[in-house]
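Quick note: the sequence shown uses the UniProt record's numbering, first residue 1, plus one each step.
The structure appears below as structure tokens.
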Amino acid sequence: MQLLLGILLALASAFLWGFTTVIARVFLKSGGSMILSILRFIISAPIYLLLLAILGFPPLTSMLLFIIFLSSLAGFILGDFFFFYSMKLMGVAKSTLLVTMYPLWTMILAYFLLGREITVTMIMGALFIIFAVSSVVFKKEEEKWHPLGVLYSIFAQFLWALAVVSID
């Protein structure tokens with residue numbers, strides 16, 4: 001049952017994440033990326049509390065609250081800020097394409113910080129992601145990639161991965 005719930009929540013997350021980038025594109029034309037990031041955090045907080053009420057609250061220690069705070073700061077505030085700013089500089093398609101590589105950062109950080117194993121299957125998946133992104137990125141050489149947008153995308157990936165690994 002937990003596996004099915006996990007799959008459903010992952011699919012819902014992927015759908016909502018994609019939907020968010022489309023909405024963000026519209027908002028970024030008139031607002032800044034920091035305001036959008038904070039607004040997204042404020043809107044999502046009650047939803048997280050509702051999900052926690054349904055799924056059950058874990059025992060909260062002061063250390064766990066501190067880790068949750070740091071994870072939220074890294075992922076929701078700073079990671080989203082850099083992603084949205086990258087999106088503003090390069091557009092939704094390019095920014096979203098680049099951040100699809102963030103699971104690679106998660107795998108690397110989990111290996112170094114948590115001692116997690118990296119399997120052959122994971123390496124094959126990582127190579128597939130790198131190949132897929134590279135084939136799209138280098139397909140049209142005439143397109144310009146904003147260097148700061150690429151850098152901000154990398155920052156976003158790293159911060160999101162750090163947020164995920166920190167709550168493991």
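Glycine residues also receive a C-beta, built at the ideal position from the N, C-alpha and C atoms.
Since this is a predicted model, take the numbers as computed values, not measurements.
Beta-carbon proximity check, residue i vs residue j, cutoff 9 Å
i	j	result
Phe82	Ser33	yes
Ala132	Thr100	yes
Val92	Thr21	yes
Ser37	Phe76	yes
Leu159	Leu78	yes
Leu9	Phe84	no
For residue j and residue i, believed in contact at Cβ under 8 Å, the rounded distance
i	j	result
Ala74	Ala163	4 Å
Ser153	Leu98	4 Å
Val165	Ala110	5 Å
Tyr102	Ala24	The pair is not a contact, with the Cβ atoms about 16 Å apart (cut-off 8 Å).
Asp80	Arg40	6 Å
Sequence-distant residues of its chain with Cβ nearer than 6 Å to residue i (five each side left out)
i	result
Gly149	Ser86, Leu89, Met90
Ser134	none
Val18	Residue 18 is actually Gly in this sequence, not Val. Excluding positions up to five away in sequence, the list is empty.
Ile167	Ser71
Thr96	Thr21
Backbone secondary structure at residue i - three-state DSSP
i	result
Lys94	helix
Leu60	coil
Ile77	helix
Gly125	helix
Met87	helix
Arg116	coil
Thr100	coil
Gly32	coil
Trp145	coil
Ile167	coil
Met1	coil
Min CB distance residue i to chain B below 9 Å
i	result
Val120	Chain labels in this structure do not include chain B; a single protein chain is all it has.
Residues near residue i in its chain [Cβ-Cβ closer than 7 Å; skip 5 each side]
i	result
Ile118	Met107, Tyr111
Leu114	Val165, Asp168
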